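In order, the protein sequences belong to chains A and B. The letter at position 264 of the first sequence is residue 281 when you use my numbering, and the numbering goes up by one with no holes. The letter at position 241 of the second sequence is residue 242 when you use my numbering, and the numbering goes up by one with no holes. Here is the structure we will look at.
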Amino acid sequence: MLYLQVLINGILLGGLYSCIAVGFSLVWGVLNIINIMHGSLIILGAYAAYFAFTLLGINPFVFVPIAGVALFVLGYALQAGVINRVMGAPVLITLTLTFGLNLILENAMIFAFKADYRKVIIDPPLGLIEIGSAFVPRDRLYAMLLALLLVGGLYAVLRTTRIGRAIVAVRMDREAAALMGVNVPRIYAITFGLGALMAGSAGSLMSVIFPISPLTSVAFLGKAFVICVLGGLGSIPGVMVGGIALGVLESFGSLWLGPDYSTTIAFVLLLALLMFRPTGIMGKRGFE
Amino acid sequence: MSERLLELTGVSGGYGDIQVLWGVDLAVNAGDMVCLIGSNGAGKSTLLRCISGLGVWSKGRIAFAGRDMSGRPAADIVAAGIVHVPEGRRLFRGMSVRDNLLMGAYARRDGAAAIRRDLEVVYGIFPRLAERTGQDASTLSGGEQQMCAIGRGIMAAPRLLMIDELSLGLAPRLVEELGEALIKINRTGVSILLVEQDVITALELASYGFVLDRGRIAIAGAARELMVNPLVTDAYLGATALAVS
């Protein structure tokens, strides 16, 4: 029954991981930007939720849409004001730019919030659900369900709305999209904004589960990277599969080798996958 | 005399240091189907890109329906009613035929009902697209892809439809079918500027033609006259013309 518990833990974690990675995948797929800031945007969302909780008493689950909208505005402004200036440049230039922006954001957060770990403690605790001999913590369950809802929502936006279609069209053929009257720089800004929205929402959910500190942003960036490669770039179902796969693998890895190895396992997996199946589990062209 | 819809006066243009077009004068009257012919590399596609505001520098005046459109970004050109069906179709892969058609209507502001109505118009002109509405556009045959690209253009509710290389890579029977569709579209009041390497097809469809040679308009005239003009027949038709006559 221990294995069942570990599996449940892994799936709960994995749902959150998909939400962490989906914005990173979208920005990479559509804008061809490897957004080094992604981890810091998650942490920023987590801090916003933490302060909303401790200072204003707003439940982090309720705060998710607020964090999302705030981060969307920040992301849109960054892309429209800064990153759009180098969009024609090789990927190394945009990588360097987001690396620099990340240094600014990360250090600003260390300066403003200190590097101490903090965590939202919901009192009284939400408790557990018993399934046979296994337990499902309610806070993690709600976080996972909300995370999957957000990922599903993004999928629906891309598939069924006018702006969503334009985002996919820009990803496929920027010039043909311009011929349809699409304002491409604006679509870039909306896409980066959506990536930041998903990061902020994920951060808000995470503040309930993980201790947060500006120093943990790199770990989340790493996970987002692994999940994208695992699931295949440019596919939302792929990100969901990749996220849950990583969650489950990390859970079993911690069980067998100890929790210290969970990141090592993730990156060993990444290397193995890059060697044997570089397109990922579900990778193909087209943002499905 | 019908109204001038598109008028180019002394348009030069190119890419970076390379000048492709040298003082082109060209006009399309409202309701007409006009063709632009010329050999590979004459600058036909570059001229369309100049009009569409697509990654080309240009000088000179481009007027549309009396308004100066020179140097305007692509989105403004589409909003004004000039729609460019690019060479090679350039459909959005991974998107269904229907979603490709709806992308054509992206810039429209006249509401969902009008867009749905035009979707039915496109399916009426090209019934094969209606059969394949949910299919990934990249899996269509070449002819169907060209239908989808033209349909996507119509979805923008254009006043002027510019089609680059209608016939490229297609079987003669399909080209004929597409030509008939263009005539139908033209009859609904949409003006057409057809760019072609296949001179016979172009001159049969259009009422007026321009011949572009090394970035300059070499000859212009009624299609019927161009068809028998020795300068055109010698340079572009060759033995084919003799076979036809």
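Glycine residues also receive a C-beta, built at the ideal position from the N, C-alpha and C atoms. If you're wondering where the values come from, they're calculated on a predicted model, not measured in any experiment.
By how many angstroms is the C-alpha of residue j removed from the C-alpha of residue i?
i: A:Ala-216; j: B:His-85; result: 38 Å
i: B:Gly-180; j: A:Phe-242; result: 50 Å
i: A:Leu-190; j: A:Ile-184; result: Per the sequence presented here, residue 190 of chain A reads as Asp, with Leu not at that position. About 10 Å.
i: A:Ser-218; j: A:Tyr-34; result: 12 Å
i: B:Met-34; j: A:Asn-49; result: 41 Å
i: B:Arg-50; j: A:Gly-92; result: 32 Å
i: A:Gly-98; j: A:Leu-109; result: 19 Å
i: B:Pro-128; j: B:Asp-165; result: 22 Å
i: B:Val-12; j: B:Asp-18; result: 16 Å
i: A:Val-172; j: B:Ile-218; result: A small fix is needed here, since residue 172 of chain A is Tyr in this sequence, not Val. Roughly 50 Å separates the two Cα atoms.
i: A:Tyr-205; j: B:Ala-224; result: 45 Å
i: B:Met-104; j: A:Ala-194; result: 8 Å
i: A:Ser-234; j: A:Ile-121; result: 13 Å
i: A:Ser-42; j: B:Tyr-16; result: 34 Å
i: B:Ser-46; j: B:Leu-162; result: 14 Å
i: B:Leu-169; j: A:Ile-83; result: 52 Å
i: B:Leu-22; j: B:Arg-62; result: 13 Å
i: A:Leu-19; j: A:Ile-148; result: 12 Å
i: B:Gly-95; j: A:Ala-186; result: 9 Å
i: A:Val-285; j: B:Gly-152; result: 49 Å
i: A:Thr-113; j: A:Gly-170; result: 31 Å
i: A:Ala-94; j: B:Asp-199; result: 48 Å
i: B:Phe-65; j: B:Arg-5; result: 8 Å
i: B:Gly-44; j: A:Gly-251; result: 36 Å
i: A:Ile-60; j: A:Pro-141; result: 25 Å
i: B:Asn-187; j: B:Ile-52; result: 20 Å
i: A:Tyr-134; j: B:Arg-90; result: 55 Å
i: B:Ile-184; j: B:Cys-36; result: 13 Å
i: B:Ile-116; j: B:Asp-137; result: 21 Å
i: A:Arg-182; j: B:Gly-222; result: 42 Å
Taking Cβ positions, are residue i and residue j nearer each other than 9 Å?
i: A:Gly-264; j: A:Gly-32; result: yes
i: B:Ala-150; j: A:Val-199; result: no
i: A:Gly-13; j: A:Leu-175; result: Absent from the structure is residue 13 of chain A, since the part of chain A shown begins at 18 and ends at 305.
i: B:Met-148; j: B:Ala-182; result: yes
i: B:Tyr-237; j: B:Ser-40; result: yes
i: A:Gly-239; j: A:Ala-63; result: no
i: A:Pro-77; j: A:Ser-279; result: no
i: A:Leu-247; j: A:Leu-287; result: yes
i: A:Met-161; j: A:Ile-253; result: no
i: B:Val-29; j: B:Leu-227; result: no
i: A:Ile-25; j: A:Val-168; result: no
i: B:Arg-133; j: B:Leu-120; result: no
i: B:Arg-73; j: B:Gly-56; result: no
i: B:Met-70; j: B:Ala-106; result: no
i: A:Leu-274; j: A:Ile-282; result: yes
i: A:Asn-101; j: A:Ser-57; result: no
i: A:Gly-260; j: A:Ile-51; result: no
i: B:Val-196; j: B:Leu-48; result: yes
i: B:Val-98; j: B:Leu-213; result: no
i: A:Met-104; j: B:Val-79; result: no
i: A:Leu-30; j: A:Glu-267; result: yes
i: B:Leu-171; j: B:Gly-143; result: yes
Just list the residues that DSSP pairs residue i with in beta bridges.
i: B:Trp-58; result: B:Gly-15
i: B:Leu-161; result: B:Ile-83 and B:Ser-192
i: B:Leu-103; result: Paired residues: none, contrary to the question.
i: B:Arg-217; result: B:Asp-214
i: B:Arg-5; result: B:Asn-30
i: A:Ile-110; result: BP columns for A:Ile-110 are empty, so no partner.
i: B:Phe-65; result: B:Leu-7 and B:Arg-68
i: B:Tyr-209; result: B:Val-35 and B:Ala-223
i: B:Asp-20; result: For the record, residue 20 of chain B in the displayed sequence is Gln; it is not Asp. For B:Gln-20, which the question treats as bridged, DSSP gives the partners B:Gly-15.
i: B:Val-25; result: B:Val-12
i: B:Asp-111; result: Per DSSP, none; premise fails for B:Asp-111.
i: B:Ser-97; result: B:Asp-137
i: B:Glu-197; result: B:Ile-38
Is residue i near the ligand GDP, in the sense that its beta carbon is under 8 Å from a heavy atom of that ligand?
i: A:Leu-165; result: Ligands in the displayed structure: none, and consequently the ligand GDP is not present.
Within 9 Å of any Cβ in chain C, is that where the Cβ of residue i sits?
i: B:Ala-75; result: The structure shown contains no chain C; its protein chains are A and B.
Output needed in chain order: residues of the segment 81-105 of chain B with a Cβ under 7 Å from some Cβ in chain A. Cβ contacts with chain A: His-85, Pro-87, Arg-91, Phe-93, Arg-94, Gly-95, Met-96, Asp-100, Leu-103, Met-104 and Gly-105.
Any residues in the segment 185-208 of chain B with a beta carbon nearer than 8 Å to a beta carbon of chain A? Which ones, in chain order? Answer set for the segment 185-208 of chain B: empty.
Taking a cut of 7 Å between CB atoms, which residues from the segment 176-201 of chain A lie near chain B? Listed in chain order, the positions of the segment 176-201 of chain A with a beta carbon within less than 7 Å of a beta carbon of chain B are Arg-179, Arg-182, Ala-183, Val-185, Ala-186, Met-189, Asp-190, Glu-192, Ala-193, Ala-195, Leu-196, Met-197, Gly-198, Val-199 and Asn-200.
Output needed in chain order: residues of the segment 49-64 of chain B with a Cβ under 9 Å from some Cβ in chain A. Residues passing the 9 Å Cβ filter: Ser-53, Gly-54, Leu-55 and Gly-56.
Residue ranges of each beta strand (DSSP E) within the segment 19-63 of chain A, 3 or longer: For the segment 19-63 of chain A, not a single whole beta strand (DSSP E) run of length 3 or above is found.
Ranges of the beta strand (DSSP E) found wholly within the segment 159-190 of chain A, counting only runs of at least 3: Taking 3 residues as the minimum length, the segment 159-190 of chain A contains no beta strand (DSSP E) run wholly inside it.
Let me know the beta strand (DSSP E) ranges lying completely inside the segment 208-274 of chain A, each 3 residues or longer, listed in chain order. Every candidate beta strand (DSSP E) stretch fails here, since none sits fully inside the segment 208-274 of chain A while reaching 3 residues.
May I ask you to list, following chain order, the residues of the segment 104-123 of chain B that have a beta carbon less than 8 Å from some beta carbon of chain A? From the segment 104-123 of chain B, only Met-104, Gly-105, Tyr-107 and Ala-108 have a Cβ closer than 8 Å to chain A.
What are the complete alpha helix (DSSP H) segments, minimum 4 residues, inside the segment 126-165 of chain A? Contiguous alpha helix (DSSP H) elements confined to the segment 126-165 of chain A do not occur, taking only those with 4 or more residues.
If contact means a Cβ-Cβ distance below 7 Å, which residues of the segment 12-45 of chain B contact chain A? Closer than 7 Å at the C-beta level to chain A, one finds no residue of the segment 12-45 of chain B.
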